[in-house]
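Okay, so here's the structure we're looking at.
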Amino acid sequence: MSSVFKATITNSNLIGICVASILLISLGFLFVKKRIFNKTWIPAFSKLVLEVSLPAIAFRGFMSSMTIELLKQQAWIILISFVMHGVLCFLAWIWSKFQHKIPAFIKNANSNSVLGTLSAKTDGDIPQQRVMVMFMLLVFGMTTTFGLPVLAEFYKGTPHQSNAIISASIYNFPQRIFLYTYGFIVLTGMKSSKQNFKKNMKVMLTNPTLLITFFGFVLWLLQLIPSLGAHEVMLNKPINIATQNGEIVVEKYANYGLWFQRIYIDQNNERYIYNFAQNLYTKTNLAPSGYMNFSTTIPFVFNVANMIAAICTPIVWFSVGMKMGESKLKHVFSDKWAWIYTIIKIIVMPAIILGILKALNNSGHIDKITGLSIVVIFSTPPGAVPTSLSLSHNQAPHFTARASALSTLASIIFIPTWIVISEVTFT
1 MSSVFKATIT NSNLIGICVA SILLISLGFL FVKKRIFNKT WIPAFSKLVL EVSLPAIAFR
61 GFMSSMTIEL LKQQAWIILI SFVMHGVLCF LAWIWSKFQH KIPAFIKNAN SNSVLGTLSA
121 KTDGDIPQQR VMVMFMLLVF GMTTTFGLPV LAEFYKGTPH QSNAIISASI YNFPQRIFLY
181 TYGFIVLTGM KSSKQNFKKN MKVMLTNPTL LITFFGFVLW LLQLIPSLGA HEVMLNKPIN
241 IATQNGEIVV EKYANYGLWF QRIYIDQNNE RYIYNFAQNL YTKTNLAPSG YMNFSTTIPF
301 VFNVANMIAA ICTPIVWFSV GMKMGESKLK HVFSDKWAWI YTIIKIIVMP AIILGILKAL
361 NNSGHIDKIT GLSIVVIFST PPGAVPTSLS LSHNQAPHFT ARASALSTLA SIIFIPTWIV
421 ISEVTFT
């Protein structure tokens, strides 16, 4: 157990992510305190994230292969993700449905009483908004920029790395659907009513991130059509192709390779793809992939999307620090709601999901790697997207900034702890 814990806390990628987050939050805080940056710039930073980086993140999430076999293998992960996100979003909806019916004795409770404490404002944050934002930050963690790199580095050099990344990536798909639909509606303050229905639909249908999410999801699912996903086909008869070593005979081809080309395969299972620069076929290590796996089919698009998406997390962390700079630093550590959120997000929720996954592991529905991967995903701090939406639309912004900062610090300790606990639990 000690060796696993040591390997986790000395993980260079985990350390790098944690240091970067603390540094950027600290810089944002100091730049506002020293008046190098103006706190009124936060909306501009958020606009950059929401209108430029966020659409790239949404589309990049679907730049991967999908096959019937993979869907069958990961069915339980998809089910778990849909159920967990569905239940949490339903609880949030229940709250939004009845929040206007809060009894007067709660609204008018003495500030020193338990009821008064629970219903009190935090630096101007409206209690109802704070609870809704807390729900959203609990549901949508920093899975892509925090969870995936940790898993990739933790399993680096082992045969389990690809399984861990695939499990976490598959888990993220239902999350994205809920985030860019229900999460977007809640965190932008859209009111669900008959009067606002047309207005809300217009906002949703003209929002680039939502459009790209639905568009990307449809394109991703189309890979389930055999001819559009990764597949191999036997040729009617062998053909000759020109290579650096002369002509060779190939018996089958596979789709898709670079620029959506066919990858030809000889009887020794060597793969060849056409090289436009040399005007002949050369050996390749590329594995056939679905057409949406842009890292293989059109890598320049994948790289551009990666670059644009990469600006999201640093800007959000910086904005969190700037928002914290509007008040004293001690308020971060004295905000009871930030502590309540952190305890639930980093300790309670991973513990609950660990118990559920252990039962599924015992019944043979998921393996150890999948279980550990999902536990890590659940123990990440709030995602950059919901945090940015909350800050830019002034939905309990003070709570958002403090909860994000505090839970990020807590995750530095608890992610390694949960990895160790998961290693022992699933062994």
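Following our numbering, the numbering of the sequence shown begins with 1 at its first residue and continues without gaps. Backbone N, C-alpha and C define an ideal beta-carbon position, used for all residues, glycine too. On a predicted model such as this, the values are computed, not experimentally measured, just so you know.
query                                                                                                                                                        : result
Reducing DSSP to helix, strand and coil, say where Gly321 ends up.                                                                                           : helix
Give the C-beta separation of Ile265 and Lys252 to the nearest angstrom, bearing in mind that I take them to be a contact with Cβ-Cβ under 8 Å.              : 5 Å
Does DSSP classify Asn255 as helix, strand or coil?                                                                                                          : strand
In angstroms with no decimal places, state the Cα-to-Cα distance between Val32 and Ser392.                                                                   : 17 Å
In whole angstroms, what separates the C-alpha of Phe105 from that of Thr188?                                                                                : With a pLDDT of 49 at Phe105, under the threshold of 50, the predicted position of this residue should be treated as unreliable, though the coordinate-derived value follows. Near 29 Å, if we compare the C-alpha coordinates of Thr188 and Phe105.
With 16 as the cutoff for other CB atoms within 10 Å, does Met307 come out buried or exposed?                                                                : exposed
Using only the alpha-carbon positions, how far apart do Val114 and Thr342 sit?                                                                               : With a pLDDT of 48 at Val114, under the threshold of 50, the predicted position of this residue should be treated as unreliable, though the coordinate-derived value follows. The straight-line gap from Cα to Cα measures roughly 20 Å.
Return the CA-CA distance between Phe82 and Phe276, expressed in angstroms with no decimal places.                                                           : 44 Å
Just to confirm the assignment, what range does the alpha helix (DSSP H) spanning Met234 have?                                                               : Premise fails: Met234 lies in the beta strand (DSSP E), 231 to 243, not in any alpha helix (DSSP H).
Which same chain residues end up closer than 7 Å to Phe62 when comparing Cβ atoms and leaving out the 5 residues on each side of it in sequence?             : Gly216, Phe217, Leu219, Trp220, Met292
Taking the alpha-carbon positions, what's the Lys47 to Ser319 distance?                                                                                      : 11 Å
Could you check whether Leu357 and Phe414 sit closer than 9 Å to each other, using their CB atoms as the reference points?                                   : no
Can you name the start and end residues of the beta strand (DSSP E) that Ile263 belongs to?                                                                  : 263 to 266
If you compare alpha carbons, which of Ile263, Ser167, Pro43, Gly86 is closest to Ala287?                                                                    : Ile263
With 16 as the cutoff for other CB atoms within 10 Å, does Val249 come out buried or exposed?                                                                : exposed
So what does Val133 bridge to, in DSSP terms?                                                                                                                : None; Val133 has no bridge partner.
If you count every other CB in all the chains shown that lies within 10 Å of the CB of Gln244, and 16 or more means buried, which is it?                     : exposed
Using a Cβ-Cβ cutoff of less than 7 Å, which residues in the same chain neighbour Tyr171 once the five nearest sequence positions on both sides are dropped? : Ile77, Ser81, Ile374, Ile377
Run through DSSP, which three-state label would Pro382 get?                                                                                                  : strand
One question on the structure: do Arg130 and Ala396 come within less than 9 Å of each other, judged by their Cβ atoms?                                       : yes
As a quick exercise: from Leu50, Pro381, Arg402, pick the residue whose alpha carbon is nearest that of Ile17.                                               : Pro381
Relative to the alpha-carbon of Tyr180, which residue among Leu205, Ser167, Thr209 has its alpha-carbon at the smallest distance?                            : Thr209
Nearest CA to the CA of Lys34: which residue from Met324, Ala351, Asn362?                                                                                    : Met324
Look up Glu69 in the DSSP assignment and say whether it is helix, strand or coil.                                                                            : helix
What are the residues that DSSP puts in a beta bridge with Lys283?                                                                                           : Tyr272
With H, G and I counted as helix, E and B as strand and the rest as coil, what does DSSP make of Ile419?                                                     : helix
With His331 as the anchor, note down where its alpha helix (DSSP H) starts and where it stops.                                                               : 330 to 334
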